[in-house]
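Student:
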Amino acid sequence: MRVIILGATSAIAVCTARLYAKEGASLLLVGRDENRLSQMAADLKVRGAERVEIAVHDLAAETDVGAHLSGFITQLGGVDHVLIAYGILGDQHAAERDLVAAAEILKVNFNSAAAWSLATASVLERQGRGSLVVIGSVAGDRGRRANFIYGAAKAGLETLVEGIAHRFADKGPRAVLIKPGPTITPMTEGMNRKGLLWATPEKIAAITHARAYRGGSIAYAPGFWRYIMLIIRTLPGVIFNRMDI
Numbered sequence: 035m036r037v038i039i040l041g042a043t044s045a046i047a048v049c050t051a052r053l054y055a056k057e058g059a060s061l062l063l064v065g066r067d068e069n070r071l072s073q074m075a076a077d078l079k080v081r082g083a084e085r086v087e088i089a090v091h092d093l094a095a096e097t098d099v100g101a102h103l104s105g106f107i108t109q110l111g112g113v114d115h116v117l118i119a120y121g122i123l124g125d126q127h128a129a130e131r132d133l134v135a136a137a138e139i140l141k142v143n144f145n146s147a148a149a150w151s152l153a154t155a156s157v158l159e160r161q162g163r164g165s166l167v168v169i170g171s172v173a174g175d176r177g178r179r180a181n182f183i184y185g186a187a188k189a190g191l192e193t194l195v196e197g198i199a200h201r202f203a204d205k206g207p208r209a210v211l212i213k214p215g216p217t218i219t220p221m222t223e224g225m226n227r228k229g230l231l232w233a234t235p236e237k238i239a240a241i242t243h244a245r246a247y248r249g250g251s252i253a254y255a256p257g258f259w260r261y262i263m264l265i266i267r268t269l270p271g272v273i274f275n276r277m278d279i
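Using this note's numbering, read the sequence shown as starting at 35 and increasing by one per residue.
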């Protein structure tokens, strides 16, 4: 198993990489922080990874994504699974008034992730196998005043990955969007993270890893968020607009 992880130092990606390492997979870790990538690589080798490579790259930069992806695949010697796990929450209140800040949230969470997803889809379709797994969010299910710019990017990403999964139908590869609820990661530091609805990155990683093998275009993580978001999506506007969520 050869796995490329884009945004490898995110909490969910780290935990997912450990599950692959336990299986003896070969991994390529891509991110901006060379020191953290190197530390992670050493840890994964101890945990059983067959081989761990690193590549320092700003995934949100406006570059030739297809060429970079080809380089990553060559470096690893092929690819079976690609996990796209990076993103930023941003400051909703600032972004409502600052179009540059809003554009950055959209660029990182949708534009760049979409480009890597499409480049990966072309590779997997040509080879007739493999999995594209993308970390989305339940925030994309309905626009809420607390994070609708971030949510808009995640909603667009969901449609894109779902479309790729449809494109792959009967062709061999798989495309899956993982939709975590609130998760205890550095992204949510400073929030009130108490309560039964908060998940650990280990929990999300277990679902992410399993779905890379199983497929299915949309996976809520944990699964109960499917029912919570169904309720939120179907609330009448007169009720929804009174809620501070």
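Every residue, glycine too, gets a C-beta built ideally from N, C-alpha and C.
#1: So, with DSSP's three-state summary, where would you put V99?
#2: Within this structure, are the beta carbons of P235 and A95 separated by less than 7 Å?
#3: Can we count A244 as close to the ligand FMN, meaning its CB is less than 6 Å from some heavy atom?
#4: Specify the secondary structure class of L133 as computed by DSSP and reduced to three states.
#5: Going along the chain, which residues of its own chain have a beta-carbon closer than 7 Å to the beta-carbon of Y120, five neighbours each way excluded?
#6: How many angstroms separate the CA atom of V157 from the CA atom of R276?
#7: Beta-carbon within less than 6 Å of N181's beta-carbon, same chain only, minus the 5 sequence neighbours each way: which residues are those?
#8: Which residues in the same chain as E68 place their Cβ atom closer than 6 Å to its Cβ, once the five residues preceding and following it in sequence are excluded?
#9: From this set, V64, G249, A187, R85, which residue's C-alpha is nearest M35's C-alpha?
#10: Going by the DSSP bridge assignment, what does E84 pair with across the sheet?
#11: Does DSSP put I265 in a helix, a strand or coil?
#12: Keeping to the same chain, check which residues put their C-beta closer than 6 Å to that of A199; ignore five residues upstream and five downstream.
#13: Any idea if F258 is buried or exposed, counting beta-carbon neighbours within 10 angstroms, 16 or more meaning buried?
Tutor: Considering the structure as presented:
#1: V99: helix per DSSP, three-state reduction.
#2: Against a cut-off of 7 Å, the Cβ pair of A95 and P235 comes out as no contact.
#3: No copy of the ligand FMN occurs in the structure displayed, which carries no ligand at all.
#4: Residue state, collapsed to three classes: helix.
#5: Within the same chain, Cβ atoms closer than 7 Å to the Cβ of Y120 are found at L40, G41, S44, L93, the five residues on either side in sequence being excluded.
#6: Whole-angstrom Cα-Cα distance: 46 Å.
#7: For N181, where only same-chain residues beyond five positions count, the Cβ hits under 6 Å are Q126, A173.
#8: If we look at E68 and ignore the five residues flanking it on each side, its Cβ neighbours are V90.
#9: Distance from the Cα of M35 is smallest, within the candidate group V64, G249, A187, R85, for R85.
#10: Looking at the DSSP output, E84 sits in no beta bridge, so it has no partner there.
#11: I265 sits in a helix when the DSSP states are folded into three classes.
#12: For A199, where only same-chain residues beyond five positions count, the Cβ hits under 6 Å are A209, S251.
#13: The Cβ neighbour count for F258, taken over all protein chains shown within 10 Å, is under 16; the residue is labelled exposed.
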